[in-house]
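From first to last, the protein sequence lines stand for chains A, B and C. Sequential numbering of the first sequence, starting at 8, is according to this note's numbering. Sequential numbering of the second sequence, starting at 198, is according to this note's numbering. Sequential numbering of the third sequence, starting at 145, is according to this note's numbering. Written out below as structure tokens is the structure these notes cover.
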Amino acid sequence: MRVVEKRQLLSAEEISRTLNRLAHEIVEKSGGAHDLALIGVRRRGVPLSQRLAAAIKGFAKIDVPVGTLDITLYRDDLSTVGSQPVVQSTDIDFVVDDRDLVIVDDVLYTGRTVRAAMNGLFDLGRPKRVRLLVLIDRGHRELPIEATFIGKTIQTSDTEIIEVRLKEVDNEERVVLVDRVP
Amino acid sequence: MLLLIKKGRVLDPASKTDASLDVLIEGERILRVGADLTASGAEVLDVGGLIIAPGFIDLHCHLREPGQELSETIETGTRAAARGGFTAVCCMPNTQPVNDNASVTRSIVERAAASASTRVWPIGAASMGSKGEALAEISAMKAAGAVAVSDDGKPIATARLMRQVMEYCDSLGLPVIDHCEDPSLFVGGVMREGPQSFRLGLQGIPAQSESICVGRDVETALLTGARLHIAHMSTRRSLEYVRWAKQHGLRVTCEVTPHHFTLTDEDVRYDTNYKMNPPLASGDDRDALIEGLVDGSVDAIATDHAPHHPASKDVEFDRAPFGITGFETALSLGLSELVHTGKMALMRLVELFTTSPARVLGIERRIAAGQPADLTVFSTSYEWTFQAAESASKSRNTPFDGRLLRGAPMATIVRGRVAFRR
Amino acid sequence: MLQRLPHLLGIESLSREQIEFFLDQAKPFQEFQRHPLKKLATLRGKTVAIAFFEASTRTRISFTTAASRLGADTMALQAEASSLKKGESLMDTVRTLEAMKPDAIVMRHASSGAPHFVAERLEIPVLNAGDGTHEHPTQALLDALTIRDRKGRLEGLNITILGDILHSRVARSNIHLLSKFSVQITLCGPSMWVPREVEGLAPKIRRALCMEEALEGADVVMTLRVQTERIHEPALAPDEYIGGYQLTPQRLRCAKPDALVMHPGPMIRGLEIDDAVADGPQSCVLEQVTNGLAVRMALLYHLVGGPPADAPHPAKD
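If you want it as structure tokens, here you go:
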């Protein structure tokens, strides 16, 4: 099974503009933002949430706390994967109760990651509100989950994979569509 | 009944013969030994260059009958012994009931007459029930066929008792065989004390448990002048006591088992097939034992064949009984570990299985006209893999399952009849 | 990414990388203990048999809690209540448990090698919670985690272990683990309980027969429990032990001022350790307990979770 790049979906510049637009949307739709917090889902949700917080600080002068969530222990597919995935730390140093949270992830697909993220968050307390921000929504939902803030919506087939590459993790900055070829 | 064994290489330690000779047997005795013999009407056994040695004697084994027939019987044990090339075995008295009186001795002799593949020479207990208090009925047992006394499984309990047993047995012409162990150092132990016992977290038995008792027995032999034989000797220090005793004219002899010259405590993990008493010793002890086997300080190789039915050994190491089987691998291990490695001459190995153990019992073992027709025919080169599942013993407790061996017994002749043929 | 271990029977056979992996994996579970809701569904549907053939409270509760917080069910066997008293063999007891189809067995047993015996005969993972005087791998891991958290590293530290080394599975597991990290290990106790063999186990191990010498320059002091239940051995009077080997504040001053004091528990206060030291600022005993839970959760997660090790790896999300 090989992986073959089909086309580029977002360039570095387009990613930057999209994040900037999303940061503005968050502030606009959060009425005050004083109990707002961003939760980056490991791995790539983390740098995205950090960049969003930095952008918000830049134009709105608001300090939005950022937390990191590892969803490995909350996955529903652990009994079907090969060896156990490595668990990373969850790092949320603010209280979750009564917070207006935005979960940040790179791609929204079946919705199972977000379901696991919500389980993880509710273990920590009772947020006032939880919304979802994704860079790419690729459809094919298997659970009733929707994002409030979407960077770009892309139609995909089942064999295709969307790869978000961020400089903090992948040493390059682009979003590509790849296909699995037998 | 005439049996003519042709084309063999006769190795007879008593006469130092090593030559291609034929052996003619009539009934239960050797009729003639010579080159190119013929005999009309004789059954001919062509052994094509194999070694013909006097019939092997095992000074130490456990046949478990009476009372423990689940693990072995005289019939199955001696069948395994014959497969190992043994023509006579001395069985220890720790049966149920203990062989401490003439009627148990007689019952063993009778069972052997009816079912055994080899000669069976019982060793009687030294004390009643081997409890270490009163003397057993030694002279009655001798009359019934006992060839020595021992409380094997345990040491003879005290120096005082040992002295009495020695004095009494000396007057009867019987050797005293001691399983040397100091109970206070031994208690709770399951393997040799050393780096391996520490690593495995298993309680260790120091070497001195054996040598302290050997020292006691040698001093008692000095006191009484009696015949003492140290059973399954396993340490350098014990051997040093025996050497001292021999140098000072004492009638002290000793035996070593094949597992003690083959394995060491480093081979122990949690497999109960490596659990026996005395336990596998250090590499240095093994080297000392081999030196002793070569230079004559050690008088015999004895198996201490100790069968235990599989379920009893299939437990945690702490709880498993001590003991392994040994008849069928003894000669092969002697050849592989001692002769093929160049440490020992073949004639010396044969001596350790034949004339030397015979001397401990005060008898002769030789290939000559008029002698009993007990012969062991073996190959020094036959390559085979020992499979415990195919053993003639009822038990499977051996560390040598699956071991590749070079050299094996090929035929065993007891009282002029072929008891085993490969 | 670690190849799944089939069992955890001891530290001796683990590599340094494997040990570091488990210490790293314990970290998210340390963080987890601070959640208000300490219940995951990660091992939901799995059953862990907790088979303790030897009395224990803290380790048993720690493993049971670890399994339960991961969402697994537990099946408990305690020696007092079991048919072992009625003469049932270890194998039969274990096969009876196996017939109820647990996904793993955590076992503690008085015979060294008992978990190996069981692991050879069952198809499911076996975790050793202490076998005879052989090993107590999770204790060594939680001790190492505690030290690493407090000191930042294991390499190059001077660690002194005090007490009855000969009969201690905690000592053996710690010696195996620490020697893989180039720790200078000093062992001290009554000399009949600190055998010479121990110096041959690994390079930087030494015996010291006097407390002050043993503690000098120590970064970590581990005190072992004096095992009063000893058969076949002449006993040592408590006052003899206290006089020679109790960890007192004065003796502790021979160690570095920021030396950690550790104890696997349960402590016999006034015997191997003075109250002031046990409750003092250098004592880490409570941290050890919390870390024990994290370590055991990490191990259960890795050994019990998922399908059998040879299942095919499906395409990812």
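All C-beta atoms in this analysis are idealised placements derived from N, C-alpha and C, irrespective of residue type, glycine included. The structure presented is a predicted model; accordingly, all values stated were derived computationally and were not measured.
1) Taking the alpha helix (DSSP H) that Asp484 of chain B falls in, what are its first and last residues?
2) Can you give me, in chain order, the residues of the region 509-525 of chain B that have a beta carbon less than 8 Å from any beta carbon in chain C?
3) Where does Ile319 of chain C sit, in a helix, a strand or coil, going by DSSP?
4) Let's test the definition: count the other Cβ atoms within 10 Å of the Cβ of Val188 of chain A and tell me whether it reaches 16, buried, or not, exposed.
5) Are there 16 or more other CB atoms within 10 angstroms of the CB of Leu430 of chain C, so buried, or fewer, so exposed?
6) Examine chain A for any beta-carbon lying closer than 8 Å to the beta-carbon of His179 of chain C, and answer yes or no.
7) Beta strand (DSSP E) containing Cys288 of chain B: first to last residue?
8) Please list, in chain order, the chain C residues whose beta carbon lies closer than 8 Å to that of Gly398 of chain B.
9) Please state whether the Cβ-Cβ distance between Glu341 of chain C and Phe514 of chain B is less than 8 Å.
10) Which residues in the same chain have their Cβ closer than 7 Å to the Cβ of Gly326 of chain B, if we skip the five residues on either side of it in sequence?
11) Given that a residue counts as buried once 16 or more other Cβ atoms are within 10 Å of its Cβ, and exposed if not, what is Ala585 of chain B?
12) Span of the alpha helix (DSSP H) holding Arg357 of chain B?
13) In the DSSP assignment, what are the bridge partners of Gly231 of chain B?
14) In its own chain, which residues sit with a C-beta less than 6 Å from the C-beta of Phe156 of chain A, not counting the 5 before and 5 after it?
15) Kindly identify the DSSP beta-bridge partner or partners of Arg389 of chain B.
16) Unbroken beta strand (DSSP E) runs of length 3 or more, entirely within the region 18-50 of chain A: which are they?
17) Of all the beta strand (DSSP E) runs that stay within the bounds of the region 94-124 of chain A, which reach a length of 3 or more residues?
18) Enumerate in chain order the residues of its own chain whose CB-to-CB distance from Leu108 of chain A is below 6 Å, with the five nearest sequence positions on each side excluded.
19) Could you name the residues that DSSP lists as bridge partners for Ala608 of chain B?
20) From the DSSP output, in three-state form, read off Ala273 of chain C for me.
21) Kindly say whether Pro392 of chain B, judged by its beta-carbon, lies nearer than 8 Å to any beta-carbon of chain C.
22) Using CA atoms only, rank isn't needed, just tell me which of A:Ser96, A:Phe129 and A:His147 is closest to Asp105 of chain A.
23) Name the one or two DSSP bridge partners that Met251 of chain C has.
24) Find the nearest neighbour of Thr421 of chain B within the set B:Thr526, B:Arg357 and B:Val536, judged by alpha-carbon distance.
25) In chain C, which residues lie with their C-beta within 7 Å of the C-beta of Phe395 of chain B?
26) Nearest to Thr292 of chain B by alpha carbon, out of B:Gly480, B:Lys339, B:Glu334 and B:Gly350?
27) Spatial neighbours of Asp501 of chain B within its chain, please: C-beta separation below 6 Å, excluding the five flanking residues on both sides.
28) Is Ala418 of chain B helix, strand or coil when you go by DSSP?
29) Starting from Leu306 of chain C, follow the alpha helix (DSSP H) in both directions and report where the run begins and ends.
30) In the structure shown, what three-state DSSP assignment does Leu286 of chain C receive?
31) When you compare only the Cα positions, how much space is there between Asn318 of chain C and Thr330 of chain C?
32) Hey, is Tyr471 of chain B's beta-carbon within less than 8 Å of any beta-carbon in chain C?
33) For Gln177 of chain C, which residues in the same chain have their Cβ closer than 7 Å to its Cβ, ignoring the five residues on either side in sequence?
34) Our contact map puts Asp496 of chain B next to Pro251 of chain B with C-beta atoms below 8 Å; I'd like the distance itself, whole angstroms only.
35) Using a C-beta to C-beta distance shorter than 7 Å, which residues of chain B count as neighbours of His260 of chain C?
36) Rounded to the nearest angstrom, what separates Val182 of chain A and Gln95 of chain A at their Cα positions?
Taking the geometry as given:
1) To locate residue 484 of chain B, count along the second sequence from 1; it is residue 287. Segment Gly480 to Asp492, the alpha helix (DSSP H) holding Asp484 of chain B.
2) Asp511, Val512, Glu513, Phe514, Asp515 and Arg516
3) The count along the third sequence starts at 1 and reaches residue 319 of chain C at position 175. If DSSP states are grouped into helix, strand and coil, Ile319 of chain C belongs with the helices.
4) By one-based count along the first sequence, residue 188 of chain A stands at place 181. Val188 of chain A should be labelled exposed.
5) Taking the first residue of the third sequence as 1, we reach residue 430 of chain C at position 286. Leu430 of chain C is exposed by the Cβ-count criterion.
6) Residue numbering aside, residue 179 of chain C sits at position 35 when the third sequence is read from its first letter. Output row for His179 of chain C: interface = yes.
7) What you label residue 288 of chain B is simply residue 91 of the second sequence in a count that begins at 1. Taken as a continuous stretch (DSSP letters only), the beta strand (DSSP E) holding Cys288 of chain B covers Phe283 to Cys288.
8) The residue you call residue 398 of chain B lines up with position 201 of the second sequence. Per Cβ cutoff of 8 Å: Ser256, Gly257, Asp275, Gly276, Thr277, His278, Glu279, Arg313 and Arg316.
9) Your numbering for residue 341 of chain C matches position 197 in the third sequence. Your numbering for residue 514 of chain B matches position 317 in the second sequence. Not a contact, by the Cβ cut-off of 8 Å.
10) Here residue 326 of chain B refers to the residue found at position 129 of the second sequence. Within the same chain, Gly326 of chain B has close Cβ partners Val295 and Asp297.
11) Translated into positions along the second sequence, residue 585 of chain B becomes position 388. With 16 or more Cβ atoms within 10 Å of its Cβ, Ala585 of chain B is classed as buried.
12) Mapped onto the second sequence, residue 357 of chain B falls at position 160. Per DSSP, Arg357 of chain B belongs to the alpha helix (DSSP H) from Ala356 to Leu369.
13) Position 34 of the second sequence holds residue 231 of chain B. According to DSSP, Gly231 of chain B bridges with B:Asp219.
14) Numbered from 1 along the first sequence, position 149 holds the residue referred to as residue 156 of chain A. For Phe156 of chain A, where only same-chain residues beyond five positions count, the Cβ hits under 6 Å are Leu29, Glu32 and Leu140.
15) For the purposes of this step, residue 389 of chain B is taken as the residue at position 192 of the second sequence. According to DSSP, Arg389 of chain B bridges with B:Ile402.
16) 43-48
17) 107-115
18) Counted from its first residue, the first sequence places residue 108 of chain A at position 101. Excluding residues within five positions, the ones whose Cβ falls inside 6 Å are Ala44, Ile46, Pro134 and Val137.
19) Taking the second sequence and counting its residues from 1, the one referred to as residue 608 of chain B is at position 411. DSSP lists B:Val574 and B:Arg618 as partners of Ala608 of chain B.
20) Taking the third sequence and counting its residues from 1, one reaches residue 273 of chain C at position 129. Ala273 of chain C: strand per DSSP, three-state reduction.
21) The residue you call residue 392 of chain B lines up with position 195 of the second sequence. Yes, Pro392 of chain B counts as interfacial toward chain C.
22) Here residue 105 of chain A refers to the residue found at position 98 when the first sequence is read from its first residue. For Asp105 of chain A, the nearest C-alpha among the options comes from A:Phe129.
23) Taking the first residue of the third sequence as position 1, residue 251 of chain C is located at position 107. Beta-bridge pairing links Met251 of chain C to C:Ala195 and C:Asn272.
24) As a first step, residue 421 of chain B is located in the second sequence; it is residue number 224 there, counting from the start. For the residues B:Thr526, B:Arg357 and B:Val536, the minimum Cα distance to Thr421 of chain B belongs to B:Arg357.
25) Here the question's residue 395 of chain B lines up with position 198 in the second sequence. The answer, in chain order, is Pro339, Glu341 and Val342.
26) Taking the first residue of the second sequence as position 1, residue 292 of chain B is located at position 95. Of the listed residues, the one whose Cα sits closest to Thr292 of chain B is B:Gly350.
27) As a first step, residue 501 of chain B must be located in the second sequence, where it is residue number 304. Excluding positions up to five away in sequence, the list reads His257, His429 and Thr454.
28) Against the second sequence, residue 418 of chain B aligns to sequence position 221. Looking at Ala418 of chain B - three-state DSSP - the assignment turns out to be helix.
29) Against the third sequence, residue 306 of chain C aligns to sequence position 162. Unbroken run through Leu306 of chain C is the beta strand (DSSP E), Asn302 to Leu306; no alpha helix (DSSP H).
30) The sequence position of residue 286 of chain C within the third sequence is 142, counting from 1. Reduced to three states, the DSSP call for Leu286 of chain C is helix.
31) For the purposes of this step, residue 318 of chain C is identified with residue 174 of the third sequence, where counting begins at 1. For the purposes of this step, residue 330 of chain C is identified with residue 186 of the third sequence, where counting begins at 1. The alpha-carbon atoms of Asn318 of chain C and Thr330 of chain C are separated by roughly 12 Å.
32) By 1-based counting over the second sequence, the position of residue 471 of chain B is 274. False, the Cβ-Cβ gap to chain C never drops below 8 Å.
33) Within the third sequence, numbered from 1, the residue matching residue 177 of chain C stands at position 33. Once the five neighbours on either side are set aside, the close Cβ partners of Gln177 of chain C are Thr434, Leu437 and Ala438.
34) Here the question's residue 496 of chain B lines up with position 299 in the second sequence. Here the question's residue 251 of chain B lines up with position 54 in the second sequence. Asp496 of chain B to Pro251 of chain B, Cβ: 15 Å. No contact.
35) The sequence position of residue 260 of chain C within the third sequence is 116, counting from 1. Those are Tyr467, listed as they occur along chain B.
36) Indexing the first sequence from 1 puts residue 182 of chain A at position 175. Indexing the first sequence from 1 puts residue 95 of chain A at position 88. Distance between the alpha carbons of Val182 of chain A and Gln95 of chain A: 24 Å.
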